[in-house]
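Enquirer: What follows is a single structure, and I will ask about it in a moment.
Residue numbers (UniProt numbering): 1 to 168.
Here it is in structure tokens:
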């Protein structure tokens, strides 16, 4: 089975202790591929991108990358989640690993990143890392929608439900 977490750069220690105050849940075109950004300064972030390791209902690999920007300019929807004081990149990664949220298998067709982000937001709220219930509810609501390239909800006829993968 493929590695469940891949770090870029491989030497992660340089940013594990970086503090974060917000997590950005973002949807990317064309299929509302959902991921998380952990801004570590006004111009850097750590990007959490859950990707299939192969075709079909493949196990996921969580790609953890250091970026020289806070969020991609190629997003169709973003929601901010305020986190408790003292939260670091390591706090988030340790939470993912200790709950096996890095051990996820996509649904058929490689679908399931919206479901994973939705479950992550619930986990962060349960662990009292996400501190604003209104923000977390907004993320849950927005993940139920599909967003056009202009950042607007698509018509009801074009909506697709979240495809639940499975944790293992």
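Using N, Cα and C, we set each Cβ at its ideal position, and we do this for glycine too.
Let me check understanding here. Comparing Cα to Cα, which of 28, 11, 153, 154 lies closest to residue 74?
Expert: Taking only the C-alpha atoms, the option nearest residue 74 is 28.
Enquirer: Is the segment 68-83 in contact with the segment 128-146, if contact means three or more CB pairs nearer than 8 angstroms?
Expert: Contact holds: three or more Cβ-Cβ distances are below 8 angstroms.
Enquirer: Considering just the uninterrupted stretch of the beta strand (DSSP E) at residue 81, what are its terminal residues?
Expert: Counting along the chain, the beta strand (DSSP E) containing residue 81 begins and ends at 77-82.
Enquirer: Just to confirm the assignment: which complete alpha helix (DSSP H) runs, minimum length 4, are found wholly within the segment 92-139?
Expert: If we require 4 residues or more, the alpha helix (DSSP H) runs fully inside the segment 92-139 come out as 113-126.
Enquirer: Do residue 127 and residue 91 come within 7 angstroms of each other at the CB atom, strictly closer than that value?
Expert: Not a contact, by the Cβ cut-off of 7 angstroms.
Enquirer: Evaluate residue 45 with the Cβ neighbour count: other Cβ atoms within 10 Å of its Cβ, from every protein chain shown; 16 or more gives buried, anything less gives exposed.
Expert: Per the 10 Å Cβ criterion, buried.
Enquirer: Please report the straight-line C-alpha distance between residue 62 and residue 55, rounded to a whole angstrom.
Expert: About 16 angstroms.
Enquirer: Please return the same chain residues whose Cβ sits closer than 7 angstroms to the Cβ of residue 71, not counting the five positions on each side in sequence.
Expert: Excluding residues within five positions, the ones whose Cβ falls inside 7 angstroms are 24, 26, 37, 45, 78.
Enquirer: Under 7 angstroms between the Cβ atoms of residue 114 and residue 34?
Expert: A contact, by the Cβ cut-off of 7 angstroms.
Enquirer: DSSP on residue 89, reduced to helix/strand/coil?
Expert: Three-state DSSP puts residue 89 in a helix.
Enquirer: Please report how far the alpha carbon of residue 87 lies from the alpha carbon of residue 41, in whole angstroms.
Expert: When rounded, the distance between both Cα atoms is 13 angstroms.
Enquirer: Among 119, 158, 4, 53, whose alpha-carbon lies nearest the alpha-carbon of residue 110?
Expert: Here the closest residue by C-alpha is 53.
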